[in-house]
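Numbering (our numbering), first residue to last: 1 to 706.
Using N, Cα and C, we set each Cβ at its ideal position, and we do this for glycine too.
The model shown is predicted, which means the values in this text are computed figures rather than measured ones.
Written below as structure tokens is the structure these notes are about.
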């Protein structure tokens, strides 16, 4: 569709980072309409309903962009322009490094005539002082953290695990937790694995456990207390006493729901929270050393922890009062309670201090037990250990948007433009950070996110890392009427590299989909590994289906994966189980039929078989050649290969079916009871041995991640 251009509106949109023109999945150029631009600009804080408004907004935006930066972000040893700092044209400067030393220099002009400093070689957060002015300086490492060479790991959905430790009956209450994760990590390490990549464990809603998508979190700064392994923090004896103090009916319910193959989140949460509240009541009699640790956690958590705990308490109260989760949205609360800093909220927190303290206590147990799991993985021999998953956005109804509404674009939803599979586009119902707010706060909200994910882990996977370059933002509920918003990619990737370096961890970016130009090079420069997934590693189609790439042609700068949580398992793909579900749930595209999909899959099976067994003259086998697939992905030059636990266990069903909210048991599948200790199974051991032989890991002379 062609729209008549408004020069001032176009100038304002471009200055605000909106892309008026974009290319769709068919390679066709598209143009964003003026009404969409005005709506999105208004949500960004730059109204343009009239010519006068647009002029004022453009002037405000220019003034913001010309203001001194709150944080300068650069690379170690690089020339860093400092235009915008008052009086910064010439003369001496000094940099107060975070280790207490001081570096000095004299401002120089670059080829564009901008005054520059030379960044120190030491990565970190420093203070730049020029005359009477100073600014914080973030310096990314010259050599980013790298993945361990020729290594492999396993990907697991934490909720789907089972705990095999008979001393932890409280961990057998309907879903996996960090006790089960620790068992898996130690067992995988014994088989030679160097990493365990996990599903997101962000905080959801204590009062609404049916909201179970880990990619729609209430807060990405905190964790889901349903995963807490309290015994790892408080000791087994204290937990066992609390467990026995629960009504017999609750313990019987735990045994009943633990036998299920699918998670009953509301009933499982009822049991788990009953135990956590009993532990909180019993904590008054805990040893002094534990009380000091908890007090230290509350102090370190500061305002952010207090806000999250107060939100959980308020949200539960409103959910109970109105009987509707939708109506419990914080924007529907009494006006003073919508502001986390209001006196009404402070008064509420005082009146409900015990409940607020409970939610802080639950966060302590969860955070500390996740850290203990990482320590156990490293002690067992893993070079990396846990790789956490950072979701792309936050639920607009949640704790994080309530605590800091100014950080988010509350009126817009992250999504995706129309494509071949989703002709109407997608709106994910998630809130994104405001680029303007990020810059104004020296990127501190983003830094806090990275730290929350990296502190208890050896690495982080950043979901939809393409969003650090641009996000498709949707006003209202019409995904096709969205627009791409540009983000400060270079600064944000440098901060990813810096935080990974500070935490001695690796960074991975989920870069699947339509990748913006230059994104691959930017990720590589920052030391952020991308992802290569078997189903997408294909060459150009000629007379038949696109051939699957030989292992040697895969990237040596990305992770190699058999599949992901959103894609079919190897066995499921081979059996067409994903097609079964799409047919059953009426998820076919406008030009698809069941017959055409199955015909295409048969051709794809033959194409994959030709890559797996090029010398074979036989057609593709009826049964999925799982060992050959694992061997193929393991043979790629990728530094780290990740096999899902589903593939190691030869499972058919995938954890999540995109495009579904009901009908498919997303985020509810559990491993069968016989797989409580999957690496005890002979078949799983054989597959692990295959990976260990192909990927023995770094030699003793190679360094660990720095």
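Bounding residues of the alpha helix (DSSP H) (the contiguous stretch that carries residue i)
| i | result |
| --- | --- |
| residue 12 | 7–16 |
| residue 430 | Note, residue 430: premise wrong, no alpha helix (DSSP H); beta strand (DSSP E) at 426–430. |
| residue 579 | 577–584 |
| residue 333 | Here residue 333 belongs to no alpha helix (DSSP H), and DSSP marks it neither H nor E. |
| residue 632 | 626–634 |
| residue 173 | Where residue 173 is concerned, there is no enclosing alpha helix (DSSP H), given that its DSSP letter is neither H nor E. |
Sequence-distant residues of its chain with Cβ nearer than 6 Å to residue i (five each side left out)
| i | result |
| --- | --- |
| residue 19 | 484 |
| residue 362 | 225, 276 |
| residue 290 | none |
| residue 172 | 163, 258 |
| residue 693 | none |
| residue 740 | Limits of the chain in this structure are 1 at one end and 706 at the other, which puts residue 740 out of reach. |
| residue 706 | Low confidence applies here, because residue 706 scores a pLDDT of 46, under 50, leaving its location unreliable; read the following figure in that light. The residues are 145. |
CB-CB length for residue i against residue j, believed under 8 Å
| i | j | result |
| --- | --- | --- |
| residue 328 | residue 70 | At roughly 35 Å, the Cβ-Cβ gap does not stay under 8 Å, so residue 328 and residue 70 are not in contact. |
| residue 398 | residue 218 | 3 Å |
| residue 628 | residue 197 | Their Cβ separation, rounded to whole angstroms, is 23 Å, which puts residue 628 and residue 197 out of contact at 8 Å. |
| residue 675 | residue 643 | Rounded, the Cβ-Cβ distance is 15 Å, inconsistent with contact. |
According to DSSP, residues forming a beta bridge with residue i
| i | result |
| --- | --- |
| residue 470 | 486 |
| residue 198 | 156 |
| residue 95 | 103, 128 |
| residue 133 | 130 |
| residue 262 | 669 |
| residue 641 | 152, 560 |
| residue 408 | 433 |
| residue 75 | 140 |
| residue 115 | 109 |
| residue 538 | 548 |
| residue 689 | According to DSSP, residue 689 bridges with nothing at all. |
| residue 343 | Residue 343 is not bridged to any residue. |
| residue 399 | Beta-bridge pairing links residue 399 to no other residue. |
Limits of the unbroken beta strand (DSSP E) element including residue i
| i | result |
| --- | --- |
| residue 212 | Note, residue 212: premise wrong, no beta strand (DSSP E); not H, not E. |
| residue 389 | 385–390 |
| residue 294 | Residue 294 -> not in any beta strand (DSSP E); alpha helix (DSSP H) instead, spanning 288–322. |
| residue 223 | 219–223 |
| residue 243 | First-last for residue 243: 236–245, but that is the alpha helix (DSSP H), not the beta strand (DSSP E). |
| residue 461 | 459–462 |
| residue 654 | Element bounds for residue 654: n/a, residue is neither H nor E. |
| residue 506 | 506–509 |
| residue 382 | Counting along the chain, residue 382 falls outside any beta strand (DSSP E), and DSSP gives it neither H nor E. |
| residue 660 | Per DSSP, residue 660 belongs to no beta strand (DSSP E) and is neither H nor E. |
| residue 31 | 29–31 |
| residue 532 | 528–533 |
| residue 609 | Note, residue 609: premise wrong, no beta strand (DSSP E); alpha helix (DSSP H) at 594–612. |
Close beta carbons around residue i, own chain, < 8 Å, minus the five adjacent residues each side
| i | result |
| --- | --- |
| residue 605 | 574, 620 |
| residue 372 | 178, 182, 229, 232, 233 |
| residue 549 | 537, 538, 539, 611 |
| residue 91 | 106, 107, 130, 131 |
| residue 51 | 8 |
Residue closest to residue i, alpha-carbon to alpha-carbon, out of the options
| i | options | result |
| --- | --- | --- |
| residue 7 | 572, 23, 34, 25 | 34 |
| residue 663 | 655, 98, 692, 585 | 585 |
| residue 673 | 83, 153, 141, 161 | 161 |
| residue 581 | 632, 660, 519 | 660 |
| residue 516 | 299, 527, 467 | 467 |
| residue 43 | 405, 318, 146 | 405 |
| residue 203 | 232, 314, 113, 391 | 391 |
| residue 94 | 122, 395, 514, 128 | 128 |
| residue 667 | 566, 638, 309 | 566 |
| residue 369 | 456, 382, 286 | 456 |
| residue 542 | 607, 496, 470, 531 | 607 |
| residue 17 | 488, 244, 318 | 488 |
| residue 482 | 416, 465, 448, 491 | 416 |
| residue 354 | 278, 199, 300, 57 | 278 |
| residue 138 | 74, 115, 112 | 74 |
| residue 698 | 149, 96, 140 | 149 |
| residue 253 | 271, 261, 262, 263 | 271 |
C-beta neighbour in chain B for residue i, strict 8 Å
| i | result |
| --- | --- |
| residue 340 | Protein chain content of the structure displayed is limited to a single chain, and chain B is not contained in it. |
Chain-order list of residues whose beta-carbon lies under 7 Å from that of residue i (same chain, five-residue window excluded)
| i | result |
| --- | --- |
| residue 689 | none |
| residue 316 | 206, 207 |
| residue 45 | 436 |
| residue 703 | With a pLDDT of only 48 at residue 703, under the threshold of 50, the placement of this residue in the model should not be trusted; the figure read from the coordinates follows. So no residue of the chain qualifies. |
| residue 2 | Legend: pLDDT at residue 2 = 46, less than 50; position of this residue unreliable, value from coordinates given subsequently. Cβ neighbours of residue 2 beyond the five flanking positions: 31. |
| residue 117 | 80, 82, 93, 105, 107, 128 |
| residue 13 | 20, 37, 41 |
Contact test: residue i Cβ vs the ligand MG heavy atom, cutoff 7 Å
| i | result |
| --- | --- |
| residue 343 | Summarising the ligand content, the structure contains no ligands, and the ligand MG is consequently not present. |
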